[in-house]
Every structure is written in structure tokens, then in C-alpha cells.
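So the number in the numbering used here is just where the residue sits in the sequence shown, counting from 1, plus 289.
Ideal placement from N, C-alpha and C gives every residue a C-beta, glycine not left out.
Since we're looking at a predicted model, the values are computed, not measured.
Down below is the structure, laid out as C-alpha cells.
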Amino acid sequence: MKLRALDLFCGAGGISHGLTAAGFEIVAAIDNWKPALKSYQSNFPTHRLLSCDLGNLDQRQWKELRSLGTLDLITGGPPCQGFSIQRIGKNDDDRNGLILAFSHLVANLRPRMFLMENVPGLLGHRGRLIAEDFIQEIRNAGYDLHHRVIDAASFGLPQLRRRVFFVGWLRDSVAPYEFPAALYSEHEYKSVRDAIGDLPSPPGDFSPANGDALHRRMRLSARNLERLQHIPPGGGFESLPVDLRVDCHKAGAQNIGHRSVYGRLDPDRPAGTITARFDSFTRGRFAHPWENRNISLREGARLQGFPDHYIFVGTQEEIAAQIGNAVPPLVALRLGESIRQHLSKQSCDFGALRHIDGWKSATAA
Numbered sequence: 290m291k292l293r294a295l296d297l298f299c300g301a302g303g304i305s306h307g308l309t310a311a312g313f314e315i316v317a318a319i320d321n322w323k324p325a326l327k328s329y330q331s332n333f334p335t336h337r338l339l340s341c342d343l344g345n346l347d348q349r350q351w352k353e354l355r356s357l358g359t360l361d362l363i364t365g366g367p368p369c370q371g372f373s374i375q376r377i378g379k380n381d382d383d384r385n386g387l388i389l390a391f392s393h394l395v396a397n398l399r400p401r402m403f404l405m406e407n408v409p410g411l412l413g414h415r416g417r418l419i420a421e422d423f424i425q426e427i428r429n430a431g432y433d434l435h436h437r438v439i440d441a442a443s444f445g446l447p448q449l450r451r452r453v454f455f456v457g458w459l460r461d462s463v464a465p466y467e468f469p470a471a472l473y474s475e476h477e478y479k480s481v482r483d484a485i486g487d488l489p490s491p492p493g494d495f496s497p498a499n500g501d502a503l504h505r506r507m508r509l510s511a512r513n514l515e516r517l518q519h520i521p522p523g524g525g526f527e528s529l530p531v532d533l534r535v536d537c538h539k540a541g542a543q544n545i546g547h548r549s550v551y552g553r554l555d556p557d558r559p560a561g562t563i564t565a566r567f568d569s570f571t572r573g574r575f576a577h578p579w580e581n582r583n584i585s586l587r588e589g590a591r592l593q594g595f596p597d598h599y600i601f602v603g604t605q606e607e608i609a610a611q612i613g614n615a616v617p618p619l620v621a622l623r624l625g626e627s628i629r630q631h632l633s634k635q636s637c638d639f640g641a642l643r644h645i646d647g648w649k650s651a652t653a654a
């Protein structure tokens with residue numbers, strides 16, 4: 290029998306795709322952004338898909354969630370913009386409260402385990418108070434937990450993407466969980482070339498390449514096209530002549546918040562983090578490694594680990610956000626396999642074993 294999982298903040302379905310491949314049954318998925326829900330439904334037409342604001346559930350919605358029955362896993366990546374390094378200084382973002390909505394749902398629906406993804410900034414100064422409240426509610430609900438910052442490249446993704454993952458388990462019925470070891474060392478990381486090197490160059494008339502609607506050129510201004518011609522693989526705005534730099538870059542590199550802007554990918558290294566705005570190389574290192582263009586939506590999807598048959602619905606900007614905000618399916622697969630194996634071997638009542646020396650200290654770790 291497959292283990293039953295609930296996917297919160299499901300977006301276009303990155304976690305669901307990975308967990309399904311790991312052998313889970315997704316009993317329901319929830320989000321409230323219509324473009325992402327359309328993409329999710331296109332890929333998982335048989336899944337129960339709910340559209341609601343998880344930070345403001347009404348009685349009817351709570352009743353529907355409780356009707357799902359026993360859950361083995363609740364998973365999700367609550368929006369985190371307020372303390373992401375991509376939004377320095379904006380720690381009052383209301384969406385940060387959705388992390389506490391996640392803990393509230395875990396406390397009320399009581400799955401055997403949970404898995405939550407977020408940016409490492411949650412552990413820093415801007416996120417510390419929210420993290421403390423999250424951990425306190427989880428512990429009060431009868432769970433133990435720990436966390437690890439994982440670089441997706443260590444699991445085989447061709448992208449340097451550091452995220453913190455919290456895993457928790459019901460302390461009276463599930464043994465303490467340990468994260469899986471990295472599969473790849475730094476010198477073994479997959480490269481941009483590995484991921485997109487076989488894709489054809491999109492036509493110059495902005496039509497799809499080989500009928501793939503996601504693999505087409507993005508329009509660039511004449512000025513940005515001229516800038517691209519000066520940027521080498523792995524380079525960024527520092528490579529631009531002064532007369533081609535935007536005004537905020539002319540005062541000196543020390544004034545630049547993100548040094549990867551106006552950047553070109555290095556073909557022989559993993560990509561940097563693919564963000565929700567990877568459709569513009571003015572926002573990061575998103576220029577193609579050897580062509581004078583931005584990477585396409587298809588190339589961004591590959592760097593995030595989505596297969597070419599995965600369907601995305603929406604405008605260019607909406608699809609880029611769905612891809613960039615997703616938990617990479619490959620990461621969800623690796624962690625999902627580990628959690629499935631852990632839960633599948635829980636065959637005894639660990640609550641009856643708590644008197645054994647060392648149990649209390651182990652579950653509190």
C-alpha cells in the first residue's frame with residue numbers, strides 16, 4: 290500500500306512529481322495561485338486539487354482537510370519572500386506567516402511525518418523569530434524535528450540551490466529520522482552543459498524550436514543584446530564597458546546587491562539558483578552560456594529538473610515563476626525515497642520503548 294501525502298503550497302507540482310516517483314500517493318494538493326493550479330491539474334488530472342488560502346481557512350475547508358483521513362506525510366514549501374536574500378530588508382512580508390500556517394496544519398492534521406522546504410534565511414536574523422515559533426508549535430503538538438541545509442547539486446541537480454529542509458516525526462510512534470547522504474561531491478556536480486547542451490538553438494523569429502512552446506527566444510532590447518556580446522561565460526556586469534552599465538552599477542561593484550545580475554551561465558559548472566525571474570538576465574546569471582540570448586523557459590525547467598513532457602500553463606512571466614519557485618522534483622524524489630523507506634520499516638510501537646536508556650536524548654536531538 291502506498292504512503293499517503295498531502296502537498297501544501299503545491300505550485301506547479303514539483304514536490305508532487307518527485308514524491309509520486311518515490312512511491313507516494315498524493316491524496317490532495319493545495320494552492321491559491323490560478324496559473325500554478327492549471328499547470329498542476331494538467332500534469333496530475335486525477336489528483337484532488339484544492340484552491341484555498343492556507344493562512345485563512347474557513348470551517349468548510351478545515352472539514353474537507355480533516356476528511357482526508359490518516360496522513361503519512363505533509364509536505365510543502367511555504368512562500369518565503371520576506372527573508373529571502375533576493376528581497377533584502379523586506380522582513381515584514383505577510384507571506385512569512387504561511388510558515389506558521391504550515392505548522393498549524395501539521396498540529397491539527399497530525400501526519401506521521403512532515404517535510405518543509407524554505408530558504409536558508411529562515412535560520413538567520415530576519416527569519417529567526419518565525420522559525421522559533423514554528424519549532425515551538427511543532428514540538429507542542431508532539432513532534433520532534435531537525436533540519437539540514439541541502440544544496441540540490443549534491444543530489445544530482447545541475448544547479449547550486451541551497452535550501453533548508455525541516456523534517457519532523459511523531460515522537461511517540463515514529464523513530465528519529467536521519468537525512469540521506471549527498472550523492473555527489475562538488476567535483477562530480479552536473480553542469481549546465483549536461484542539462485541543456487542537446488537542445489537546438491531557437492529560431493531568431495521567436496517561434497518555438499521543434500514545436501516546443503517553452504523553447505523559444507525571449508525578446509531583448511538592442512541595448513541588452515549589445516551588453517550580452519561583452520559578457521563571457523560565467524561573467525556578469527563587471528565585464529561591461531562603463532558606457533553599457535546601468536546607472537546603479539557605475540558607482541562600483543561594492544554597491545551591487547547581487548553580483549550575478551547581467552550574468553552569463555558557465556557551461557561547465559552548475560547553474561546558480563534559478564529564481565522566479567530567470568526569464569530576464571538583468572535579474573541574475575540567466576544568459577545562455579554560448580549564445581547571445583536569455584535561457585528559454587525550457588532550459589530553465591531542465592535546470593530545475595523538470596522533464597520535457599511536464600506541462601506549464603500561463604504567460605512567460607507566470608511560467609518562469611512556477612518553475613523558479615518550485616521545489617526541484619529530483620530533490621523531492623531523493624528525500625521522498627528516504628522518508629518512505631523510514632516509514633515503511635516502522636513496525637513497532639515506539640511509544641512503548643521510551644523507557645529504554647538513550648531514547649529521550651535521541652528523540653530530542
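Please classify residue i as buried or exposed, where buried requires at least 16 neighbouring CB atoms within 10 angstroms.
{"i": "valine 616", "result": "buried"}
{"i": "lysine 352", "result": "exposed"}
{"i": "glutamate 606", "result": "exposed"}
{"i": "valine 408", "result": "buried"}
{"i": "histidine 336", "result": "buried"}
{"i": "valine 463", "result": "buried"}
{"i": "glycine 486", "result": "exposed"}
{"i": "aspartate 320", "result": "buried"}
{"i": "tryptophan 322", "result": "buried"}
{"i": "valine 550", "result": "buried"}
{"i": "glycine 358", "result": "exposed"}
{"i": "phenylalanine 495", "result": "exposed"}
{"i": "serine 305", "result": "buried"}
{"i": "glycine 493", "result": "exposed"}
Name the DSSP bridge partner or partners of residue i?
{"i": "threonine 364", "result": "Asp296, Leu404"}
{"i": "alanine 576", "result": "Arg553, Asn583"}
{"i": "glycine 457", "result": "Phe403, Leu434"}
{"i": "isoleucine 439", "result": "Arg452"}
{"i": "phenylalanine 313", "result": "Leu292"}
{"i": "aspartate 320", "result": "Ser340"}
Which of the three DSSP states is assigned to residue i in this structure?
{"i": "valine 481", "result": "helix"}
{"i": "phenylalanine 570", "result": "helix"}
{"i": "isoleucine 520", "result": "coil"}
{"i": "serine 340", "result": "strand"}
{"i": "aspartate 501", "result": "strand"}
{"i": "glutamate 515", "result": "helix"}
{"i": "alanine 560", "result": "strand"}
{"i": "isoleucine 377", "result": "For isoleucine 377, the pLDDT reaches just 45, beneath the cut-off of 50, and the residue's location in the model is therefore unreliable, although a value from the coordinates is still provided. Looking at isoleucine 377 - three-state DSSP - the assignment turns out to be coil, as it is neither helix nor strand."}
{"i": "glutamine 348", "result": "helix"}
{"i": "proline 409", "result": "helix"}
{"i": "isoleucine 424", "result": "helix"}
{"i": "phenylalanine 391", "result": "helix"}
{"i": "glycine 445", "result": "coil"}
{"i": "arginine 468", "result": "The question names arginine, but residue 468 in the sequence shown is phenylalanine. Note: phenylalanine 468 maps to coil in three-state DSSP."}
{"i": "glutamine 635", "result": "coil"}
{"i": "threonine 307", "result": "For the record, residue 307 in the displayed sequence is glycine; it is not threonine. The answer is helix: DSSP assigns glycine 307 an H, G or I state."}
{"i": "leucine 357", "result": "coil"}
{"i": "arginine 415", "result": "coil"}
{"i": "arginine 623", "result": "helix"}
{"i": "isoleucine 608", "result": "helix"}
Below 8 Å on the Cβ atoms is my contact criterion, and I expect residue i with residue j to pass it. Report the Cβ-Cβ distance as a whole number of Å.
{"i": "arginine 681", "j": "serine 480", "result": "Residue 681 is absent from the model: the chain starts at 290 and stops at 654."}
{"i": "cysteine 369", "j": "tyrosine 329", "result": "The pair is not a contact, with the Cβ atoms about 20 Å apart (cut-off 8 Å)."}
{"i": "phenylalanine 403", "j": "leucine 362", "result": "7 Å"}
{"i": "histidine 504", "j": "proline 491", "result": "6 Å"}
{"i": "alanine 610", "j": "tyrosine 599", "result": "Not really, about 15 Å apart at Cβ, beyond 8 Å."}
{"i": "tyrosine 432", "j": "glycine 457", "result": "4 Å"}
Can a CB atom of chain D be found closer than 8 Å to the CB of residue i?
{"i": "aspartate 555", "result": "Structure shown: chain D not included; a single protein chain is present."}
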